[in-house]
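Notes for the one structure printed next.
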Amino acid sequence: MGNYTVAVIDFETTGLSPQCGDRTIEVGAVLVTHNQIVDRFQSLMNPKMTLSSFIEDYTGITNSMLTKAPDISSVMKKLKSFIAKYPLVAHNASFDARFLDAEFKRINQIRTNEFACSMLIARRLYQDAPNHKLETLVRYKRLTTDGVHHRALADAEMAAHLWIRMIADIKRDYSQSTVPFRVMQQLAMMQKKKVQDYLTTTP
DNA sequence: TGCCAGGCCCTCTTTAGGGCCTT
0 MGNYTVAVID
10 FETTGLSPQC
20 GDRTIEVGAV
30 LVTHNQIVDR
40 FQSLMNPKMT
50 LSSFIEDYTG
60 ITNSMLTKAP
70 DISSVMKKLK
80 SFIAKYPLVA
90 HNASFDARFL
100 DAEFKRINQI
110 RTNEFACSML
120 IARRLYQDAP
130 NHKLETLVRY
140 KRLTTDGVHH
150 RALADAEMAA
160 HLWIRMIADI
170 KRDYSQSTVP
180 FRVMQQLAMM
190 QKKKVQDYLT
200 TTP
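For the record, in the first sequence the residue sitting at position 103 is 102 according to numbering that gives the first Met the number 0, with numbers rising by one throughout.
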């Protein structure tokens with residue numbers, strides 16, 4: 000893979016939309032350099048609101064776990080320092096970008112990092128997969144996993160393994176020596192039928 | 001007042017609708 004670093008990030012939240020008042024309750028992030036996870040960041044956060052039983056069941060994160068957790072603002076400051084200026088990757092990035100931007104806004108910060116979506120790229124590269132949920136793709140590509148799902152660090156690590164695998168597959172299938180972040184971003188935006196031509200002709 | 005996501009992507013398409021993906 001390229002000799003650049005990306006930060007793969009995942010949030011657990013109280014719901015689907017920061018616009019509707021939902022907040023982050025856990026973040027996991029890993030740095031990927033040279034095909035490997037080289038650093039990890041994880042923290043629960045206290046959203047100062049009660050989790051629905053759906054979210055408790057879905058994530059395994061309970062209300063009592065969060066009463067002892069640090070404030071969202073203090074975790075966001077540490078997260079900002081961890082991700083620095085690295086390009087960001089998430090599975091269904093529009094979801095994580097919305098929450099990251101909303102929480103940064105509350106501490107008067109602005110994200111300047113670029114974002115790429117592993118789900119949009121996987122839809123183009125792995126058109127035969129049963130579906131493109133993170134969990135399914137991990138099974139489909141037989142990626143390393145500890146079996147934990149819907150927790151932030153475990154999901155960030157799985158998305159990182161998927162990212163590494165997608166770059167390896169592009170290099171192998173299209174004889175590319177490097178796959179710049181810009182190429183991955185481009186893939187996420189293009190028509191499925193044009194992907195092969197694009198990768199074949201990209202120098 | 002009451003309701004409440006949103007962006008991508010396919011197709012029975014573009015003067016639209018519905019499934020996928022994230023929690």
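In this text, a Cβ means the ideal position worked out from N, Cα and C, and glycines have one as well. Everything numeric in this text was worked out from a predicted model, so none of it was measured.
Open item on the list: Cutting at 8 Å between CB atoms, please list the residues of its own chain near L50, excluding the five before and the five after it.
Closed with: Excluding the 5 residues flanking it on each side, L50 has same chain C-beta neighbours closer than 8 Å at T13, I24, I60, T61, N62, L65, in chain order.
Open item on the list: Please classify Y57 as buried or exposed, where buried requires at least 16 neighbouring CB atoms within 10 angstroms.
Closed with: Result: exposed.
- [ ] Following the continuous beta strand (DSSP E) through Q35, name the residue where it begins and the one where it ends.
- [x] Q35 -> beta strand (DSSP E) spans 35-43.
Open item on the list: Restricting to runs no shorter than 4 residues, where is the alpha helix (DSSP H) found entirely within the segment 78-129?
Closed with: Correct list: 92-105, 117-124.
- [ ] Would you identify the three-state DSSP class for V26, choosing helix, strand or coil?
- [x] Of the three classes helix, strand and coil, the one that applies to V26 here is strand, per DSSP.
Task: Buried versus exposed, by CB contacts within 10 Å (16 or more), V37 - done: Around the beta carbon of V37, fewer than 16 other beta carbons sit within 10 angstroms, so the residue counts as exposed.
TODO: Tell me, please, which residues DSSP counts as bridged to A6.
DONE: Checking the DSSP bridge columns, you'll see A6 partnered with L30, L87.
Open item on the list: Can you find the residues in the same chain that come closer than 6 Å, C-beta to C-beta, to S72, ignoring five residues on each side of it along the sequence?
Closed with: If we look at S72 and ignore the five residues flanking it on each side, its Cβ neighbours are I106.
Task: Anticipated Cβ contact below 8 Å, V26 with L78, distance rounded - done: About 6 Å; that satisfies the 8 Å criterion.
Open item on the list: So, at 7 Å on beta carbons, what are the nonlocal neighbours of R97 in its own chain, with the 5 sequence-adjacent residues on each side left out?
Closed with: Excluding residues within five positions, the ones whose Cβ falls inside 7 Å are P17.
Task: Nearest residue (CA-CA) to K140, options H90, Y125, H148 - done: The shortest C-alpha to C-alpha distance from K140 to any of H90, Y125, H148 is the one to Y125.
Open item on the list: Does T201 come out as helix, strand or coil in the three-state DSSP assignment?
Closed with: Shown here, T201 sits in coil according to DSSP, grouped into three states, outside any helix or strand.
TODO: Return the first residue and the last residue of the alpha helix (DSSP H) that L65 is part of.
DONE: That run of the alpha helix (DSSP H) goes 62-66.
Task: Reduced DSSP secondary structure (H/G/I, E/B, other) of T143 - done: Under the three-state reduction of DSSP, T143 is assigned to coil, being neither helix nor strand.
Open item on the list: Taking its Cβ as the centre, do 16 or more other Cβ atoms sit within 10 Å of C19, making it buried, or is it exposed?
Closed with: For C19, the number of other beta carbons within 10 angstroms of its own is below 16, and it is reported as exposed.
TODO: Would you tell me roughly how many angstroms separate the C-alpha atoms of N91 and P69, rounded to the nearest one?
DONE: So the alpha carbons of these two residues sit roughly 26 Å apart.
Open item on the list: What does the Cβ neighbour count give for R22, buried or exposed, with the cut at 16 atoms within 10 Å?
Closed with: Buried, by the Cβ-count rule.
Task: Extent of the continuous alpha helix (DSSP H) run through R171 - done: Per DSSP, R171 belongs to the alpha helix (DSSP H) from 151-173.
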